[in-house]
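Here's the structure, in structure tokens; my notes come after.
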Amino acid sequence: MADLSDVLNQIVGMCATAVYPKGTAQPSVANVGVKVYAGWPVPNVLEADLTEGKAHVSVYSLATERKTSRHIGRPWQTAQDPVTSITGAVNGTAMTLGGTVSTPQNVCLNVNKKAYVYAVQATDTLTSIATALAALIHVDHSLTTSNANTVTIPDANNVSFIAGGFAKMVRELKRQEKQFQIAVWASTPTVRDQIGGAIDSALASINDLVFADGSHGIMLYVRTFQTDQQEKSMLYRRDIVYSVDYATTQVSDAAQFVATILNIKSS
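Here's what the structure looks like:
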């Protein structure tokens with residue numbers, strides 16, 4: 005689910021990318037070591053790093069917040085389509101499994117329009133899946149056998165195969181707009197400006213944030229201010245504030261349909 009920590013982590017990642025555009029193994033845009041993290045600096049650690057010429061970038065959530073939920077109801081939406089990795093090749097009354105075994109996944113063998121469904125386990129092989137399907141079908145078709153990854157139903161009139169995966173579903177429980185303060189702490193105004201400028205330019209080019217659960221956030225610039233009041237302590241600071249409208253979400257898995265069961269009762 006997306007929550008406050010997801011937003012913080014996303015902004016931290018974008019700031020780190022702006023400060024180290026070629027990767028953390030390469031020099032930063034200010035050619036000094038830079039620590040990028042969520043939270044507020046530890047005073048003695050910050051002081052020691054500034055003395056060594058390093059810089060900090062801290063991302064902190066401000067108290068400013070407002071509710072922006074605007075929907076009635078909480079509909080589920082598909083965030084990730086189901087994926088299947090097992091195939092079934094039908095040749096007359098025989099079906100041979102192929103592909104690779106992965107979970108979660110269901111396999112279904114339809115025999116004479118009746119569905120036999122097996123839920124694939126993490127320890128399964130194609131052979132064990134074929135054996136399980138054969139055992140299910142054997143109840144209605146006693147001549148059914150399995151050999152390695154092939155199931156044979158000699159008395160079947162119609163055989164078909166389908167595999168079904170699991171989709172990732174997500175729904176918004178509520179939305180909120182919160183402000184986030186990106187603070188640059190440096191020992192010189194030049195370093196501060198180089199880091200602050202790189203971050204501001206990078207964040208200003210992004211409005212749509214995508215989170216791990218598939219939900220989206222809207223990021224907008226709010227304000228910037230900087231201070232040299234602590235220059236005697238070799239501390240130069242710039243604060244960049246952005247607001248993010250994001251959703252608190254719930255995530256669930258949903259099985260893909262592989263069989264339709266219809267019960268008809270005569271009157």
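For what it's worth, the numbering used here labels the leading residue of the sequence shown as 5, then goes sequentially. By construction, the Cβ of each residue, glycine as well, lies at the ideal position given by its N, Cα and C atoms.
In the three-state scheme derived from DSSP, where H, G and I count as helix and E and B as strand, R196 is classed as helix.
The C-alpha of D232 lies about 37 angstroms from the C-alpha of A251.
Contact between V33 and Q198 holds: their C-beta atoms lie close to 5 angstroms from each other, under 8 angstroms. Counted as a single uninterrupted DSSP element, the beta strand (DSSP E) harbouring T252 occupies residues 240–259. Residues A83, Q84 of the same chain have their beta carbon placed closer than 6 angstroms to that of K172, with the five preceding and five following residues left out of the count. DSSP assignment within the segment 14–53 yields the following whole beta strand (DSSP E) runs of 3 residues or more, N-terminal first: 38–42. L130 sits in a helix when the DSSP states are folded into three classes. Residue pairing by DSSP places F170 opposite A259 in a beta bridge.
Counting the other CB atoms within 10 Å of its CB gives D257 a total below 16, which places it among the exposed residues. The beta-bridge partner set that DSSP reports for E56 is empty.
Cβ-Cβ distances below 6 angstroms link D243 to Q185, A187, F229 in the same chain, with the five nearest sequence neighbours on each side left out; the list follows chain order.
The beta carbon of G103 sits closer than 6 angstroms to those of S89, I90, T91, all from its chain and outside the five residues before and after it, given in chain order.
Rounded to the nearest angstrom, the gap between the Cα atoms of G169 and I15 is 33 angstroms. Only residues of its own chain outside the window of five on either side were considered, and among them A138, V155, T156 have a CB closer than 8 angstroms to the CB of T149, listed in chain order.
The continuous beta strand (DSSP E) containing G92 extends over residues 90–95. Contact annotation: C19 and V49 have beta-carbon atoms that are not nearer than 8 angstroms. The shortest CA-to-CA distance from Q81 to any of V262, D217, V245 is the one to D217. In the three-state reduction of the DSSP assignment, L177 falls in the strand class, which pools E and B. Bridge partners of T148 according to DSSP: none are assigned.
No Cβ-Cβ contact shorter than 8 angstroms links V87 with T107.
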